[in-house]
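Some notes on the structure that comes next.
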Ligand SMILES: [Zn+2]
């Protein structure tokens, strides 16, 4: 064991003694390594858990005493009140240079240019920025020049997202844009371990082991599940950042807590990159369709018409449903359709089949509300008044339509049995964005 090896292992990383394959006595002699007790009363240093109910008690063999431990992050190894966490300083991988790392020749709209300049300023100032970019604004490209700037300064960069799908989608795009830069992708079950790369792309879950690692942390889809409600993920993101770091948040539907936070600068991109407005959903009342569907297998006539009309026009209808039983009945009743939901083992393949035109109609739960771009889709929400469809979900669903230059609009219909507040808020949201984009 050399000092170099220990510092490399704990480079902006925090681990339990059990996780360190070196002699702990030797490590304790190294001045650069920080050692802290993992639990402080009912406060877990690793995951931020401070809910008394989420701690357990056990007889601890290490200290021969009764110890308590954090149940919230136990999947990362048991952290007991006698456990210590070790961390080392984060070092940078690149030397500062004037060299251009970016390989991207796409053109920016004026709005994209403004946002992109803001990103660079934010990195210079080590401050915080919210980029509120409408669905289909091309928000990943906006950060490219900022990433290039950060790489030139030799900074450690992390792109984080609550969703594994997004890690998979971002990785090839970033590798193409920065061909010379080593990029590490982290997600549950990933083979890549914690390498010290200039760019790390990670799920928010995987950030729990980082400690003051990154100079620039860009968080995509801040409003997405599970980040929006899981405090330990928010804790992980904060801990992964150095004290004086840049924090940039991206969202098409930012939560009010961030949108109205005075500490955070904001830039809005209300126009899609192709310059057309977001499609405005149409509301259709269809009475008590649910009972009729589940007991008599009757597909609402208006939904049937929507699907047939869409197919006749050579388009691709997607039907969002509130739950699995409803989706399953619909799949049986609608010819050449398939139904996907989060635990469906073939869901990726089915979405591909639909993209390629091998399927006429796709039925889905809210799992496809984000991250899918398929040209020529029309979208229906069956039971838009169900509580699962909140404002954010409905805006994201409408945002699936008209995302491509070759297909800039399409139909969005919310089928309901009574307008909810969330439905009305989603319509208001879309109208506001379109107004900001100069459309009336
Ligand atoms: Zn914990």
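Residue numbers (our numbering): 2 to 441.
Just so it is clear, CB atoms sit at the ideal spot from N, CA and C, and this is done for glycine as well.
| task | Leaving aside the five residues before and after residue 82 along the sequence, list all residues of the same chain whose C-beta is less than 6 Å from its C-beta, in chain order. | result | The residue labelled residue 82 in the question sits at position 81 within the chain shown. Once the five neighbours on either side are set aside, the close Cβ partners of residue 82 are 40, 68 and 69.
| task | Give every residue of the same chain whose Cβ lies closer than 7 Å to the Cβ of residue 421, excluding the five residues on either side of it in the sequence, and list them in chain order. | result | Working through the chain shown from its first residue, we reach residue 421 at position 420. So the qualifying residues of the chain are 386.
| request: Could you give the DSSP three-state label for residue 141: helix, strand or coil? | output: To locate residue 141, count along the chain shown from 1; it is residue 140. DSSP places residue 141 in helix when its eight states are reduced to three.
| field | residue 31 versus residue 369 - alpha carbon distance | value | The residue labelled residue 31 in the question sits at position 30 within the chain shown. The residue labelled residue 369 in the question sits at position 368 within the chain shown. Roughly 49 Å between the two C-alpha positions.
| query | residue 38: beta carbon under 7 Å from a heavy atom of ligand 1? | reply | Position 37 of the chain shown, counting from 1, holds the residue named residue 38. Because no heavy atom of ligand 1 lies under 7 Å away, the Cβ of residue 38 does not count as near it: no.
| Cα separation between residue 183 and residue 426? | As a position in the chain shown, residue 183 is number 182, starting the count at 1. As a position in the chain shown, residue 426 is number 425, starting the count at 1. Cα to Cα, the separation comes out at about 43 Å.
| Is the beta carbon of residue 208 within less than 7 Å of some heavy atom of ligand 1? | Here residue 208 corresponds to residue number 207 of the chain shown, with the count starting at 1. Because no heavy atom of ligand 1 lies under 7 Å away, the Cβ of residue 208 does not count as near it: no.
| message | Using 8 Å as the cut-off, can you tell me whether the stretch 210-228 makes contact with the stretch 236-255, which would need three or more C-beta pairs spanning the two stretches below that distance? | response | In this structure the stretch 210-228 lies against the stretch 236-255, because at least three pairs of beta carbons, one per stretch, are closer than 8 Å.
| query | How would you write the range of the alpha helix (DSSP H) that residue 235 sits in, first residue to last? | reply | Within the chain shown, residue 235 is the residue found at index 234, counting from 1. Counting along the chain, the alpha helix (DSSP H) containing residue 235 begins and ends at 232-241.
| query | What's the call for residue 180, buried or exposed, on a 16-neighbour Cβ count within 10 Å? | reply | In the chain shown, counting from the first residue as 1, residue 180 sits at position 179. Exposed, because fewer than 16 other Cβ atoms sit within 10 Å of the Cβ of residue 180.
| query | Short check: CB of residue 268 to CB of residue 158, under 8 Å? | reply | Translated into the one-based positions of the chain shown, residue 268 becomes position 267. Translated into the one-based positions of the chain shown, residue 158 becomes position 157. In this structure, residue 268 lies away from residue 158, with their beta-carbon atoms at least 8 Å apart.
| For residue 179, the three-state DSSP class (helix, strand or coil) | Numbered from 1 along the chain shown, position 178 holds the residue referred to as residue 179. Three-state result, residue 179: coil.
| query | Between the beta-carbon of residue 162 and the beta-carbon of residue 106, is there less than 8 Å? | reply | The residue labelled residue 162 in the question sits at position 161 within the chain shown. The residue labelled residue 106 in the question sits at position 105 within the chain shown. Not in contact: residue 162 and residue 106 (Cβ atoms no closer than 8 Å).
| request: Identify every run of the beta strand (DSSP E) within the stretch 59-83, keeping only runs that are complete inside it and at least 3 residues long; order them along the chain. | output: The stretch 59-83 contains these whole beta strand (DSSP E) runs: 66-71.
| said: Is it buried or exposed, residue 97, if we count other Cβ atoms within 10 angstroms and call 16 or more buried? | reply: Counted from its first residue, the chain shown places residue 97 at position 96. In this structure residue 97 is exposed. Its beta-carbon is surrounded by fewer than 16 other beta-carbon atoms within 10 angstroms.
| field | Distance between residue 90 and residue 169 (C-alpha atoms, nearest Å) | value | For the purposes of this step, residue 169 is taken as the residue at position 168 of the chain shown. For the purposes of this step, residue 90 is taken as the residue at position 89 of the chain shown. The straight-line gap from Cα to Cα measures roughly 29 Å.
| request: Helix, strand or coil for residue 433, going by three-state DSSP, please let me know. | output: On the chain shown, position 432 is the one that residue 433 refers to. It is helical.
| Which residues mark the beginning and the end of the beta strand (DSSP E) in which residue 285 is found? | Looking up residue 285 in the chain shown gives position 284. Where residue 285 is concerned, the enclosing beta strand (DSSP E) stretches over 283-286.
| query | Going by C-alpha distance, which of 138, 231 and 196 is nearest residue 94? | reply | Counting from 1 along the chain shown, the entry for residue 94 is found at position 93. Nearest of 138, 231 and 196 to residue 94, Cα basis: 196.
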